[in-house]
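Trainee: Just so it is clear: in the sequence shown, position 51 is 51 by full-length UniProt numbering, and no numbers are missing.
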Amino acid sequence: MIGYYETDQGKVRIHNEDAGGVFKNDAGQVLAIVADGMGGHQAGDVASQMTTSHLHKKWQEAKLIETPDEAEKWIKEAVRSANNEIKSYANDHEECAGMGTTVVVALCTKEFATVGHIGDSRCYIANAYGFKVITEDHSLVNELVRSGQITEEQAEHHPRKNVLLKALGTEFDLTADVKTMEFEENDRLLLCTDGLTNKVSDEELSELKSFEGEWSLFTQQMIDLANERGGEDNITLAVVHHHPSSDQKEGAE
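1. What alpha helix (DSSP H) runs, 4 residues minimum, are completely inside the segment 36 to 82?
2. Hey, A19 and T102 are a contact pair by Cβ (cut 8 Å); roughly how many whole angstroms apart?
3. Please state whether DSSP places M181 in a helix, a strand or coil.
4. Spatial neighbours of R160 within its chain, please: CB distance less than 8 Å, with the 5 preceding and 5 following residues excluded, ordered by chain position.
5. Ignore the nearest five residues each way along the sequence and tell me which others in D8's own chain have a CB closer than 6 Å to its CB.
6. Just reading off the beta strand (DSSP E) that L191 is part of, what are its end residues?
7. Mapping the DSSP letters down to three states, classify T135 as helix, strand or coil.
8. Could you check the C-alpha separation between I2 and V178 for me, to the nearest Å?
9. Measuring straight from C-alpha to C-alpha, what distance separates E203 and L31?
10. In terms of residue numbering, what span does the alpha helix (DSSP H) encompassing N162 cover?
11. Return the chain-ordered list of same chain residues with a C-beta closer than 7 Å to the C-beta of L165, the five sequence neighbours on each side being excluded.
12. Would you check if there are 3 or more beta carbon pairs closer than 8 Å linking the segment 113 to 130 to the segment 63 to 82?
13. I14: buried (16+ other C-beta within 10 angstroms of its C-beta) or exposed?
14. Mind checking which residues open and close the beta strand (DSSP E) that includes V145?
15. With H, G and I counted as helix, E and B as strand and the rest as coil, what does DSSP make of Y89?
16. Considering Cα atoms alone, identify which of E17, Q60, L55 is closest to G28.
17. Exposed or buried, Q49, counting other C-beta atoms within 10 Å across all chains shown (16 or more means buried)?
18. At the level of alpha carbons, what is the spacing between E70 and S245?
19. Taking its Cβ as the centre, do 16 or more other Cβ atoms sit within 10 Å of D194, making it buried, or is it exposed?
20. Applying the 10 Å Cβ sphere with the 16-neighbour rule, what's the burial state of T151?
21. In its own chain, which residues sit with a C-beta less than 7 Å from the C-beta of T56, not counting the 5 before and 5 after it?
22. Buried or exposed for V240, going by 16 or more other Cβ atoms inside 10 Å?
23. Could you tell me the distance, in whole angstroms, from the CA atom of T219 to the CA atom of V145?
24. Kindly list the residues whose CB is nearer than 7 Å to the CB of F131, restricted to its own chain and excluding five residues on each side of it in sequence; keep chain order.
25. Just curious, the alpha helix (DSSP H) that I125 is in, first and last residue?
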């Protein structure tokens with residue numbers, strides 16, 4: 001299994017509030033993480049880095065994950081404890097009051113992948129059935145689309161597009177949405193922040209399905225596209241490729 005992670009500050013932001021990484025355990029199972037510190041809030045970069053560090057530490061301590069039930073339980077508990085750590089830290093540090101972050105996590109074994117998320121960072125899968133998003137944004141505009149109040153086209157340019165309904169660190173005991181799917185040889189996962197999806201279409205991202213070569217080239221190509229179109233936000237993505245002949249791990253933090 002190959003994992004690759006890359007982040008870019010973009011063209012406008014003065015610092016990068018995204019964080020993440022791709023981490024492998026002794027059994028060859030992979031944990032991919034992408035977190036987007038909440039823009040306009042104090043210390044968004046602190047929240048995203050704390051989330052990544054917390055989940056990485058939990059992953060280092062984890063035993064072999066053998067079933068989807070174990071994976072879903074692990075993600076829910078790890079994300080909940082990360083959330084509570086961020087909330088407690090913000091309560092104790094006035095300069096961090098109001099900080100928060102999105103998170104999307106993929107726990108990948110040789111048989112299945114379990115994905116958990118809070119916020120509007122996304123996970124896509126490319127497999128024999130095509131290419132599709134497997135998370136649902138916890139955002140105001142997505143709720144408006146779901147309830148039929150606006151169309152998907154209107155959502156693209158809605159003035160409150162960046163308003164989240166759920167984010168780590170905003171209240172205690174949040175629970176991630178989780179789902180598990182088969183993960184077979186040559187399947188690929190893409191985890192990314194809205195700095196990518198606001199600039200690069202799903203059709204363009206679907207190159208994930210047919211891409212052959214170094215994953216660093218794919219991630220850089222996607223980052224370049226987002227930057228060419230303005231790059232107003234930080235841009236972060238992680239790829240996990242169920243590669244049949246590789247135990248390699250690239251680009252982890």
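From the three backbone atoms N, C-alpha and C, an ideal C-beta is built for every residue, glycine too. Note that this is a predicted model, so its numbers are computed, not measured.
Mentor: With the structure as the only source:
1. List check, alpha helix (DSSP H) in window: 44 to 61.
2. Actually they are not in contact, since the Cβ atoms of A19 and T102 sit about 11 Å apart, beyond 8 Å.
3. DSSP, reduced to helix, strand and coil, places M181 within a strand of the structure shown.
4. So the list reads L140, V141, once near-sequence residues are dropped.
5. A distance below 6 Å between beta-carbons, with the five flanking residues on each side excluded, links D8 to the following residues of its chain, in chain order: I223, I235.
6. Note, L191: beta strand (DSSP E), 188 to 192.
7. Of the three classes helix, strand and coil, the one that applies to T135 here is coil, per DSSP.
8. If I take the Cα positions, the gap works out to 22 Å.
9. Taking the straight line joining both Cα atoms gives about 26 Å.
10. Premise fails: N162 is in no alpha helix (DSSP H) and is neither H nor E.
11. Only H138, S139, L140, E143 meet the Cβ criterion.
12. Counting C-beta pairs closer than 8 Å gives three or more between the segment 113 to 130 and the segment 63 to 82, which meets the contact rule.
13. I14 sits exposed, since fewer than 16 C-beta atoms from the chains shown fall within 10 Å of its C-beta.
14. Going by DSSP, V145 is part of no beta strand (DSSP E) but of the alpha helix (DSSP H) stretching over 140 to 146.
15. DSSP, read as helix, strand or coil, puts Y89 in helix.
16. Of the candidates E17, Q60, L55, the one whose C-alpha sits nearest the C-alpha of G28 is Q60.
17. Label assigned to Q49: buried.
18. Rounded to whole angstroms, the gap between the alpha carbons of E70 and S245 is 26 Å.
19. So D194 ends up on the buried side.
20. The residue in question, T151, is exposed, as its Cβ has fewer than 16 Cβ neighbours within 10 Å.
21. Just to set this straight, residue 56 is His in the shown sequence, not Thr. So the list reads G21, F23, once near-sequence residues are dropped.
22. A residue is called buried once 16 or more other Cβ atoms fall within 10 Å of its Cβ, and V240 is buried on that count.
23. Taking the straight line joining both Cα atoms gives about 29 Å.
24. Hits under 7 Å: Y124, S206, L208, K209.
25. The continuous stretches of alpha helix (DSSP H) do not include I125, which lies in the beta strand (DSSP E) extending over residues 122 to 127.
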